[in-house]
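To keep things clear, I will list the structure first and then write my remarks on it.
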Amino acid sequence: MSTSPATFYERVDKAIGNPALQAAVRNATSRMSSGRDAAIAAFPEMDVMRDHARAIRAHTIARLDHYLREFEASVQRRGGHVHWAATSEEAVAIVVDIARQHGVKTVVKGKSMVSEEIELNPGLALAGVEVLETDLGEYIVQLDDDHPSHIVMPIIHKSRHDVARLFRAKLQATDDEVADAPRMAALARRVLRKGFLQADMGISGGNFGVAATGSVCITTNEGNGRMTTSLPRVHVALMGIERIVPTLDDLGVMLQVLGRSATGQKLTVYSNVMSGPRRHDRNGGREGESDGPEHFHVVLVDNGRSAIVGSELAEILYCIRCGACLNSCPVYQQIGGHAYGSIYPGPVGAVLMPALQGLHTWRDLPQASSLCGACREVCPVRIDIPRMLLELRDKTTELGLTPIWVTFGLTVFRQIATRPALFRRAQALASWATRRLATDGWIKSLPGHMARWSKKRDFPAFAPKTFQQLWEGRKR
Amino acid sequence: MTDSRDNVLAAVARGVRVGSLPPGASLEHPGAPPPLIRPSDREGMIASFTRELEKLMGTVHRVADDAQAQTRVLELLDARGARRVLAWDDEWLRPAGLGQVLRTAGVVTESCWLPQEGADRTARLKALDDVVVGITGAHGALADTGSVVVVSGPGRGRIASLLPPVHVAVIGADQLSPTLAAFLSANPGVADVGSNVVAITGPSRTGDIEGTLVLGVHGPGDLHVIVIG
Ligand code: SF4
Chain A
1 MSTSPATFYE RVDKAIGNPA LQAAVRNATS RMSSGRDAAI AAFPEMDVMR DHARAIRAHT
61 IARLDHYLRE FEASVQRRGG HVHWAATSEE AVAIVVDIAR QHGVKTVVKG KSMVSEEIEL
121 NPGLALAGVE VLETDLGEYI VQLDDDHPSH IVMPIIHKSR HDVARLFRAK LQATDDEVAD
181 APRMAALARR VLRKGFLQAD MGISGGNFGV AATGSVCITT NEGNGRMTTS LPRVHVALMG
241 IERIVPTLDD LGVMLQVLGR SATGQKLTVY SNVMSGPRRH DRNGGREGES DGPEHFHVVL
301 VDNGRSAIVG SELAEILYCI RCGACLNSCP VYQQIGGHAY GSIYPGPVGA VLMPALQGLH
361 TWRDLPQASS LCGACREVCP VRIDIPRMLL ELRDKTTELG LTPIWVTFGL TVFRQIATRP
421 ALFRRAQALA SWATRRLATD GWIKSLPGHM ARWSKKRDFP AFAPKTFQQL WEGRKR
Chain B
1 MTDSRDNVLA AVARGVRVGS LPPGASLEHP GAPPPLIRPS DREGMIASFT RELEKLMGTV
61 HRVADDAQAQ TRVLELLDAR GARRVLAWDD EWLRPAGLGQ VLRTAGVVTE SCWLPQEGAD
121 RTARLKALDD VVVGITGAHG ALADTGSVVV VSGPGRGRIA SLLPPVHVAV IGADQLSPTL
181 AAFLSANPGV ADVGSNVVAI TGPSRTGDIE GTLVLGVHGP GDLHVIVIG
C-alpha cells in the first residue's frame, strides 16, 4: 500500500479523532498483552528461551548467505523449487509466472505480510488470476478493500458491527447469519470452503524456513494455512530472505517463544512444517503419499533486506513478527496501525520501513515513539528497537530531513539551555505558565501554534520548584 | 531470475563480511536448546497432556486397552450420527483392526487419496466435503502443550485431520514426549518421514472478530484424542 507518508500527522489526527477506533485498538492490544503476560508468567524458562532464540536469530543473520544456500539446496533435494526476487515487482512476476506455468485460474491465500509488502493481489488480478484471502481477518479486509492494521490480528480496528454490515452488503447475509461472531465466522467458513475445494494454487507466507531440512513452517490458528498448502495442486510459499533458521531444533525454540509472545498460546494451533511436494512412488501409484501439493515453490524475497545485513539496523532482521511490540506500545495503542501508513506498523515498523525503503519516505515513523522501551521489554528475541529509533533519528537530522516541528523546538532549546541565566528565567516562566494551563497537574492542550502538537500528547505541568532550586535548598 | 539469485546472495555476503557482526551474534551455532524440566513419567505426562488439551477445549479419552478404544470411537461416531469417515489406511490406524471394526459396524471408511489432476482432485474433495469425522493416528504427542504430532505419508493423508469438522486421533500412551524439544531430539529425521509434519495444539480457532473465541473456523472445531494405556 502506498499511502503518502507526508500525511502522517493527518492520519494521526484522524485516528485520535475516532474514539470508537481508539477503544477497539486499546481493547485488543490490552487483551493480547495480558494473554502474553500470563503465558510468560506460567513459563519459568522464558528468559533463557528468549536468550537462546535471540542467539539463533543473531547467528543466522551473521551467516545468512551460508544458510540461504543450504536452504535452497535442501528444498531442491526434496523436489521443490526456489525462486529469488530482488524487488517486489520481481516477486510478483515470479508468482504470476508460476500461476501461468501451471494453468492456474483461482488462488486461495493464507496470511502473509510479505504478500502485502509486494502488493501481490493487484498483480495477480491484473494477470487474470482470482485470489481469495482465507484467514478470517484477511478475508474481511479483502471484502472491504481495506488494509490490515496489525501484523497478527488484521482487523482489530473493526467492530463486529462493521463486519456484520460488510457481510450484509457484500455477501447478502441475513440478520441471523450476522447475529454474532460465531455465526459470522460460520458464514465465512462456508464461503471460503468452496474456494478451497476448487482452487488450483495455494499461496502462503513462511514464518520460518529450515535450512537443514528444506522445510517451510507456517503457524495458523484457523487451519486455513493447512488447507491452502495441502488441497490445491500447487503451493507457493513467500518468505523474506531473513526468515531462515538452521535446524528443526532451532525451529522448535522459535515456535515456543512465538506463540506465547503473539497470542499467549504455548504453541499456535497448527505448527505446520512442509518439506517439499507430495512424495510419489516411482509410478505415481498408491505407494506414494495420499495427498499434498504436486508442486512446491518457495519465493525468497529480498526487497531491501540484503542492504540491512551488516548495517546498524541488522538487528531488526531477527524479528519473528509476533506483534508483541505493537500491543505494548503506548503510541500504537493510541493511534492504531493505519495511522503509520506502512505495511508494518508499530515499533517494528518504525525501524523496518525506513530500513527497507529509506528515511526519505518514512522519516516520520522513527519520531512516532516515546522511547519508553516497552517494545524491547516484550520482544521475544530482545531486539533493541529504541536504540535503532535513536540511530534513525540521528540519521534524519544528518540528512536534514527532521520534521520542522522538531528542528524548531530544539533550536530554541539550545539557545536557552546554553545560557544559565536565561535558562533559569525560562524555567521559572515555564513553571508558572504550565501550572496555569494544567488541570489536575496535567496539560491537555497548548495555545496557538502548539495546539496541534499537544493535541496528541498530555504531559505534567512543571514542578513549582526546579531541580536546581531543590538542590540549592538541600545544600543549605 | 538467476541474476537475482546471485545478486541477492552477493549482497547478503557483502553485508555479512563488511558489516560488523550483528548484536549478540556468534559465528558458532548456539547449540542445543536449554532443557525444560517437565514430567517425563507416563502418568505425569498423561495428566499434563489432558490438562493442556482440555484448557484449549479439546477432549481427551483415556482408555485401558484396544477394545475400549474401538468402543469409544464407535460411540463418538454414533453421537454425531456419522456413517462415513475420512480415515487413514487400515495399516496406520490404531488400534490395529479399527478400520475393519468400523466397516463391520456399517461405517463407510473413505480413503485420503487425492488425484493429481485438477478437475478430478476438486471432484474428489467435493465428494468428501460432507464427511463429518476424520480418524487418524499420530507420530507422537507432546505432554507439555497438549499437542498431537501428525506426519503425512502413504496411507496417512493430511486431509483426515483437516477437512471434517471432527477429528479423532488415537494414540498410545507410549507415544507421549514431555516437550516439543524432546520430541524433536528423539525424532531428528521427522521431516524425512513425510512432506507434512504438523503439531496440532487444540481445535481450530479464531479471535479475529473483536477477540471473541470461535472454534472450528476452517479446521476441525471438535478434537478428540483417545489415549490407550
Ligand atoms: S520486533 Fe520483536 S516484539 Fe516486535 S514483532 Fe518483531 S519479534 Fe515481535
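Each protein sequence line maps, in turn, to chains A and B. Position one of the first sequence corresponds to residue 1 (my numbering), numbered consecutively onward. Position one of the second sequence corresponds to residue 1 (my numbering), numbered consecutively onward. For glycine and all other residues, C-beta sits at the position ideal for the given N, C-alpha and C. Just so it is clear, the structure is predicted and the values come from calculations on it, not from any experiment.
Asked, Found
"Which parts of the segment 62-104 of chain A are runs of the alpha helix (DSSP H), unbroken and 4 residues or longer, counting only runs that do not cross its ends?", "64-77 and 88-101"
"Return the residues of the segment 12-37 of chain B that lie within a Cβ-Cβ distance of less than 8 Å from chain A, sorted by chain order.", "V12, A13, R14, G15, V16, R17, V18, G19, S20, L21, P22, P23, G24, A25, S26, L27, E28, H29, P30, A32, P33, P34 and L36"
"For T228/A and L162/B, I'd like the C-alpha separation in whole angstroms.", "11 Å"
"Strictly below 7 Å CB to CB, what residues from chain A border S147/B?", "L267"
"Under 6 Å: does the beta carbon of V152/A sit that close to some heavy atom of the ligand SF4?", "no"
"Is V216/A helix, strand or coil when you go by DSSP?", "strand"
"Please tell me whether, using a cut-off of 6 Å, the distance from the CB of P348/A to the nearest non-hydrogen atom of the ligand SF4 is below it.", "A small fix is needed here, since residue 348/A is Val in this sequence, not Pro. It does: the Cβ of V348/A is within 6 Å (strictly closer) of some heavy atom of the ligand SF4."
"Within 6 Å: the Cβ of R478/A and any heavy atom of the ligand SF4?", "Since the first residue shown for chain A is 1 and the last is 476, residue 478/A is missing from the structure and cannot be characterised."
"Could you tell me whether any non-hydrogen atom of the ligand SF4 is closer than 6 Å to the CB of R321/A?", "yes"
"Between the segment 136-145 of chain B and the segment 182-189 of chain B, do three or more beta carbon pairs fall short of 8 Å?", "yes"
"Please report the distance separating the alpha-carbon of L317/A from that of E242/A.", "6 Å"
"Can you list the residues of chain A that G153/B reaches, using a CB-CB cut of under 7 Å?", "E289"
"So that I know if they touch, is there some Cβ in chain B lying closer than 7 Å to that of Y67/A?", "no"
"Check the Cβ-Cβ distances between H139/B and every residue of chain A, and say whether any is below 7 Å.", "no"
"Applying a beta-carbon distance threshold of less than 9 Å, which residues of chain A neighbour A79/B?", "Per Cβ cutoff of 9 Å: no residues; A79/B is ~21 Å from chain A at best."
"Between the alpha carbons of C322/A and S328/A, how many angstroms are there, rounded?", "12 Å"
"Name the residue from V197/B, E110/B, L128/B and L74/B whose alpha carbon lies nearest to the alpha carbon of H224/B.", "L74/B"
"Does the beta carbon of C325/A fall short of 6 Å from some heavy atom of the ligand SF4?", "yes"
"Identify whether V107/B lies in helix, strand or coil by the three-state DSSP scheme.", "coil"
"What residues of chain A sit near T122/B, judged by a beta carbon separation below 8 Å?", "L197 and Q198"
"Does L136/A come within less than 7 Å of chain B when only Cβ atoms are used?", "yes"
"7 Å is my cut-off, CB to CB: does A191/B come that close to chain A?", "yes"
"Could you please give me the residues that DSSP links to D222/B through a beta bridge?", "V166/B"
"Please decide whether W362/A counts as near chain B, where near means a Cβ-Cβ distance under 7 Å.", "no"
"Give, in chain order, every unbroken run of the alpha helix (DSSP H) that is at least 4 residues long and sits entirely within the segment 321-358 of chain A.", "324-328, 330-335 and 346-357"
"What would DSSP say about A123/B, mapped onto helix, strand or coil?", "helix"
"Where are the beta strand (DSSP E) runs, 3 residues long or more, that stay fully inside the segment 52-103 of chain B, in chain order?", "59-63 and 84-87"
"Return the first residue and the last residue of the alpha helix (DSSP H) that G252/A is part of.", "L248 to T263"
"Check whether chain A comes within 7 Å of G134/B, counting only Cβ atoms and requiring the distance to be less than that.", "no"
"Tell me whether G97/B is buried or exposed, calling it buried when 16 or more other Cβ atoms sit within 10 Å of its Cβ.", "exposed"
"Quick one: any contact between the segment 79-91 of chain A and the segment 24-38 of chain B, if contact means 3 or more CB pairs under 8 Å?", "no"
"Can you name, in chain order, every residue of its own chain whose Cβ lies under 7 Å from the Cβ of F408/A, other than the five neighbours on each side?", "For F408/A, the predicted structure reports a pLDDT of 48, less than 50, and the residue's modelled location is therefore unreliable. A value from the coordinates is still provided. Result list for F408/A: empty, nothing under 7 Å."
"Please confirm whether Y270/A has its beta-carbon closer than 7 Å to some beta-carbon of chain B.", "yes"
"Would you list the one or two residues that DSSP bridges to L238/A?", "V299/A"
"Work out the CA separation of V257/A and A23/A for me, nearest whole Å.", "28 Å"
"Is I383/A near the ligand SF4, in the sense that its beta carbon is under 6 Å from a heavy atom of that ligand?", "yes"
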